[in-house]
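Residue numbers (my numbering): 2 to 312.
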């Protein structure tokens, strides 16, 4: 992709960012696009496989080289986001090299899918550690810097699987929905310091999507739809949220798929019933559940909700 090759603008001039999982896929395009708009970028990527195995300094170094070739400023980092000390070191290194830190993008992720009754503790722990703990680690490490300077942007990646649901992804769904809660908590706690926190559910082709099973016609069609949604689309939304003009946007959930941007609802009451003399199991079964039937959320997967081809 040519994210860093676009004509540079002053939208993020003088700003700096840390982007995790930035060696490939969505993270790569986010790093390139931030740099194209003037930000200095710490490109973090362990270089692991889609399931979190191994490491390789090559992907992060390649993105840094691409940014520098386009006239931007970047440094690489290959530490794992699962360790809090690594996150602290990333923040310190960015501040040392760039003089400040303004933006963190929590994008690093792995997949270890499996039907729930066969899920292993190791697969659960690994996915939670990267997605949820990793997001906490970087956000928490950056928080004192943002508090001291009275500004900052935190952007986290969730997933339609987390927001809506999917088969065989209990660990991933729990982690990604946890990221939504984390972002909301950060938005509430850090608003007084002019720090914003938002989440994006990106729909785009990436190596993580590449491990989705393709055993049925439905699954193959779903993957083909993803292949038409390129990660550079998500990068534009990240840049917009990172800009000064988005100071009033915080605590929100966005879905970005192709050229579509969706603002997602958040849990609020949809039906309520009260009884002055209280409820018994029998009266709940007789009155409440039948009245709520039409408002219950069905067991849908993300593809059931976003069933059309992206624009």
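Note that CB positions come from ideal geometry on N, CA and C, so glycine has one too. Predicted model only: the values in this text are computed from it and were never measured.
Pick helix, strand or coil for residue 203, following the three-state DSSP scheme.
For the purposes of this step, residue 203 is taken as the residue at position 202 of the chain shown. Shown here, residue 203 sits in a strand according to DSSP, grouped into three states.
DSSP state of residue 230, grouped into three classes?
Along the chain shown, read from residue 1 onward, the residue named residue 230 stands at position 229. In the three-state reduction of the DSSP assignment, residue 230 falls in the coil class, being assigned neither a helical nor a strand state.
Alpha-carbon to alpha-carbon, residue 278 and residue 126:
If you number the chain shown from 1, residue 126 lands on position 125. If you number the chain shown from 1, residue 278 lands on position 277. About 45 Å.
Just tell me which of 272, 113, 111, 43 has its CA closest to the CA of residue 98.
Within the chain shown, numbered from 1, the residue matching residue 98 stands at position 97. The option with the nearest alpha carbon to residue 98 is 43.
So for residue 159, helix, strand or coil by DSSP?
In the chain shown, residue 159 corresponds to position 158, counting from 1. Residue 159 falls in the coil class under three-state DSSP.
Just to confirm the assignment, what range does the beta strand (DSSP E) spanning residue 94 have?
Your numbering for residue 94 matches position 93 in the chain shown. It is not in any beta strand (DSSP E) - residue 94 instead sits in the alpha helix (DSSP H) that spans 85-99.
Quick check: the region 29-39 against the region 60-72, are there 3 or more CB pairs under 8 Å?
The region 29-39, when compared against the region 60-72, does touch it at the 8 Å Cβ threshold.
Leaving out five residues on either side along the sequence, give the residues of the same chain with a beta carbon under 7 Å from the beta carbon of residue 90.
Indexing the chain shown from 1 puts residue 90 at position 89. 80.
Along the chain, where does the alpha helix (DSSP H) that runs through residue 122 open and close?
As a position in the chain shown, residue 122 is number 121, starting the count at 1. Per DSSP, residue 122 belongs to the alpha helix (DSSP H) from 122-129.
From which residue to which residue does the beta strand (DSSP E) around residue 287 run?
Position 286 of the chain shown holds residue 287. Run containing residue 287: none; DSSP gives neither H nor E here.
In the DSSP assignment, find the unbroken alpha helix (DSSP H) run with residue 147 in it and report its ends.
Here residue 147 is taken as the residue at index 146 of the chain shown, counted from 1. Segment 135-150, the alpha helix (DSSP H) holding residue 147.
Identify every residue that forms a DSSP beta bridge with residue 249.
Position 248 of the chain shown, counting from 1, holds the residue named residue 249. Paired residue(s): none; residue 249 is not in a bridge.
Classify residue 266 as buried or exposed, calling it buried when 16 or more other Cβ atoms lie within 10 Å of its own Cβ.
Position 265 of the chain shown, counted from the first residue, corresponds to residue 266. With fewer than 16 Cβ atoms within 10 Å of its Cβ, residue 266 is classed as exposed.
Use the C-beta contact count for residue 264: other C-beta atoms within 10 angstroms, 16 or more gives buried, fewer gives exposed.
For the purposes of this step, residue 264 is taken as the residue at position 263 of the chain shown. Residue 264 sits exposed, since fewer than 16 C-beta atoms from the chains shown fall within 10 Å of its C-beta.
Determine the direct distance from the alpha carbon of residue 58 to that of residue 112, and round the result to whole angstroms.
Here residue 112 is taken as the residue at index 111 of the chain shown, counted from 1. Here residue 58 is taken as the residue at index 57 of the chain shown, counted from 1. Approximately 20 Å, taken between the alpha carbons.
How many angstroms separate the CA atom of residue 255 from the CA atom of residue 154?
Stepping through the chain shown from its first residue, residue 255 is reached at position 254. Stepping through the chain shown from its first residue, residue 154 is reached at position 153. Rounded to whole angstroms, residue 255 and residue 154 show a C-alpha spacing of 15 Å.
Round the Cβ separation of residue 19 and residue 139 to the nearest angstrom and send it over; I've been treating them as touching at under 8 Å.
Looking up residue 19 in the chain shown gives position 18. Looking up residue 139 in the chain shown gives position 138. Between residue 139 and residue 19 the Cβ distance is about 7 Å, and since that is below 8 Å, they are a contact.
Quick check: what's the CA-CA separation for residue 135 versus residue 282?
For the purposes of this step, residue 135 is taken as residue 134 along the chain shown, with counting starting at 1. For the purposes of this step, residue 282 is taken as residue 281 along the chain shown, with counting starting at 1. Between residue 135 and residue 282, the C-alpha separation is close to 42 Å.
Proximity winner among 297, 284, 258, 257, relative to residue 271 (alpha-carbon distances):
Residue numbering aside, residue 271 sits at position 270 when the chain shown is read from its first letter. Residue 271 has its Cα closest to that of 297, out of 297, 284, 258, 257.
For the alpha helix (DSSP H) holding residue 75, just list the boundary residues, first then last.
Numbered from its first residue, the chain shown carries residue 75 at position 74. Judged by DSSP secondary structure, residue 75 falls outside any alpha helix (DSSP H) and instead within the beta strand (DSSP E) spanning 75-78.
Please state if the CB of residue 251 and the CB of residue 188 are separated by a distance shorter than 7 Å.
If you number the chain shown from 1, residue 188 lands on position 187. If you number the chain shown from 1, residue 251 lands on position 250. Going by C-beta atoms, residue 188 is nearer than 7 Å to residue 251.
Would you kindly report the start and end of the unbroken alpha helix (DSSP H) that includes residue 304?
Residue 304 sits at position 303 when you count from the first residue of the chain shown. That run of the alpha helix (DSSP H) goes 303-306.
Identify whether residue 43 lies in helix, strand or coil by the three-state DSSP scheme.
Indexing the chain shown from 1 puts residue 43 at position 42. In this structure, residue 43 counts as strand in the three-state DSSP scheme.
For my contact list, residue 292 and residue 261 are in at a C-beta cut-off of 8 Å; report their separation, rounded to the angstrom.
Here residue 292 refers to the residue found at position 291 of the chain shown. Here residue 261 refers to the residue found at position 260 of the chain shown. Wrong, their Cβ atoms sit about 35 Å apart, outside the cutoff.
What distance in whole Å lies between the Cβ atoms of residue 131 and residue 110, which are believed to be in contact at a cut-off of 8 Å?
The residue given as residue 110 occupies position 109 in the chain shown. The residue given as residue 131 occupies position 130 in the chain shown. At roughly 6 Å, the Cβ-Cβ gap stays under 8 Å, so residue 110 and residue 131 are in contact.
Whose CA, out of 299, 300, 274, 301, lies closest to the CA of residue 288?
The count along the chain shown starts at 1 and reaches residue 288 at position 287. Nearest option by C-alpha distance: 274.
Burial state of residue 124, where buried means 16 or more other Cβ atoms lie within 10 Å:
The count along the chain shown starts at 1 and reaches residue 124 at position 123. Residue 124 is buried by the Cβ-count criterion.
On the criterion of 16 or more Cβ atoms from any shown chain inside 10 Å, does residue 268 qualify as buried, or is it exposed?
The residue you call residue 268 lines up with position 267 of the chain shown. Residue environment for residue 268: exposed (fewer than 16 other C-beta atoms within 10 angstroms of its C-beta).
Considering only DSSP beta bridges, list what residue 17 is partnered with.
Looking up residue 17 in the chain shown gives position 16. Partner(s): 41.
Identity of the residue in 159, 168, 48 nearest residue 304 by Cα:
Position 303 of the chain shown holds residue 304. With distances taken between Cα atoms, residue 304 lies closest to 168.
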